[in-house]
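Trainee: At position 7 of the sequence shown the residue is numbered 7 (my numbering), and the sequence of numbers has no breaks. Quick one: the structure is below, questions incoming.
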Amino acid sequence: MYRMLHTLMNLVVAFIAMWAVGVSILTFFGMTVYFPFTISDEGTIPYHRLQTIRIAVFITMAYFTTLHLFRGSKEYFPIQFLEIYLKVLTLVGMVIFYQAKVEKSEFFILLFFGISSIILHLARRSKHKYFSKKHNHFM
Numbered sequence: 001m002y003r004m005l006h007t008l009m010n011l012v013v014a015f016i017a018m019w020a021v022g023v024s025i026l027t028f029f030g031m032t033v034y035f036p037f038t039i040s041d042e043g044t045i046p047y048h049r050l051q052t053i054r055i056a057v058f059i060t061m062a063y064f065t066t067l068h069l070f071r072g073s074k075e076y077f078p079i080q081f082l083e084i085y086l087k088v089l090t091l092v093g094m095v096i097f098y099q100a101k102v103e104k105s106e107f108f109i110l111l112f113f114g115i116s117s118i119i120l121h122l123a124r125r126s127k128h129k130y131f132s133k134k135h136n137h138f139m
């Protein structure tokens with residue numbers, strides 16, 4: 001089970017990374033692309049999407065800042081950051097998309113990010129269980 005989740009997690013992370021790099025590069029050539037593969041003719045991104053990203057970044061920063069203040073410095077894996085950000089993005093997006101009365105099809109984007117965060121969470125949790133069982137067989 002761990003290997004399957006790990007492979008799925010790597011596919012999700014690879015897709016998100018390639019998409020992010022590709023969109024970033026295209027921006028330098030004057031193209032505006034927003035998720036998943038929508039090219040903006042006017043170079044603008046819908047306001048509800050910008051607000052979702054903006055607030056999700058702020059809440060994620062506040063989350064990790066609060067952890068630091070109450071737990072002190074602790075190392076986190078990049079996957080943990082991505083997992084938390086995608087969860088926050090999904091939850092914030094549901095509220096903002098609902099308030100903006102966007103088309104129902106827009107919510108599929110949030111479904112993708114929500115499922116991605118669940119996959120990352122399960123793969124990360126199962127990795128800890130897998131390694132703790134594997135290395136504690138003498139106990």
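Backbone N, C-alpha and C fix where the C-beta goes; we use that ideal spot for every residue, glycine too.
For the beta strand (DSSP E) containing valine 33, name the first residue and the last one.
Mentor: Against the sequence shown, residue 33 aligns to sequence position 33. Here the beta strand (DSSP E) through valine 33 covers 32-34.
Trainee: Have a look at the DSSP bridge pairing and note the partners of serine 40.
Mentor: Taking the first residue of the sequence shown as position 1, residue 40 is located at position 40. In the DSSP output, where bridge partners are listed per residue, serine 40 has Thr32.
Trainee: Under the rule that 16 or more other beta-carbon atoms within 10 Å means buried, what is lysine 74, buried or exposed?
Mentor: Start at 1 with the first residue of the sequence shown, and residue 74 comes out as number 74. Looking at its Cβ environment, which holds fewer than 16 other Cβ atoms inside 10 Å, lysine 74 is exposed.
Trainee: When you compare each of Leu69, Ala100 and Thr60 to lysine 87 by their alpha carbons, which one comes out closest?
Mentor: Taking the sequence shown and counting its residues from 1, the one referred to as residue 87 is at position 87. Cα-wise, what sits closest to lysine 87 is Thr60.
Trainee: To the nearest angstrom, how far is the alpha carbon of tyrosine 130 from that of aspartate 41?
Mentor: Locating residue 130 in the sequence shown gives position 130, counting from the first residue. Locating residue 41 in the sequence shown gives position 41, counting from the first residue. Residue placement at tyrosine 130 is poorly supported in this model, since its pLDDT is 46, which falls under 50; the coordinates are not used for a value here.
Trainee: Would DSSP call glutamate 103 helix, strand or coil?
Mentor: One-based indexing of the sequence shown puts residue 103 at position 103. Note: glutamate 103 maps to coil in three-state DSSP.
Trainee: Could you check whether the stretch 22-35 touches the stretch 93-105, counting it as contact only if at least three pairs of C-beta atoms, one from each stretch, sit closer than 8 Å?
Mentor: no
Trainee: When burial is assigned at 16 or more other CB atoms within 10 Å of the CB, is phenylalanine 138 buried or exposed?
Mentor: As a first step, residue 138 must be located in the sequence shown, where it is residue number 138. Note that phenylalanine 138 has pLDDT 40, beneath the 50 cutoff, so the model's placement of it is unreliable and no number is given.
Trainee: If you drop the 5 nearest sequence neighbours on each side, which residues of the same chain put their C-beta closer than 7 Å to that of threonine 90?
Mentor: As a working mapping, residue 90 is identified with position 90 in the sequence shown. Excluding sequence neighbours, threonine 90 sits near Leu110, Phe113, Gly114 and Ser117.
Trainee: Taking the alpha helix (DSSP H) that isoleucine 59 belongs to, which residues open and close that run?
Mentor: Looking up residue 59 in the sequence shown gives position 59. Element bounds for isoleucine 59: 47-71.
Trainee: Take alanine 150 as the anchor and find which of Gln51, Phe81, His48 and Arg49 has the nearest alpha-carbon.
Mentor: In this structure the chain extends from 1 to 139, so residue 150 is not present and cannot be described.
Trainee: Please report the distance separating the alpha-carbon of serine 132 from that of leucine 8.
Mentor: Counted from its first residue, the sequence shown places residue 132 at position 132. Counted from its first residue, the sequence shown places residue 8 at position 8. For serine 132, the predicted structure reports a pLDDT of 44, less than 50, and the residue's modelled location is therefore unreliable. The matter cannot be settled from this model.
Trainee: Helix or strand or just coil, what does DSSP make of lysine 74?
Mentor: On the sequence shown, position 74 is the one that residue 74 refers to. Here lysine 74 sits in coil by DSSP.
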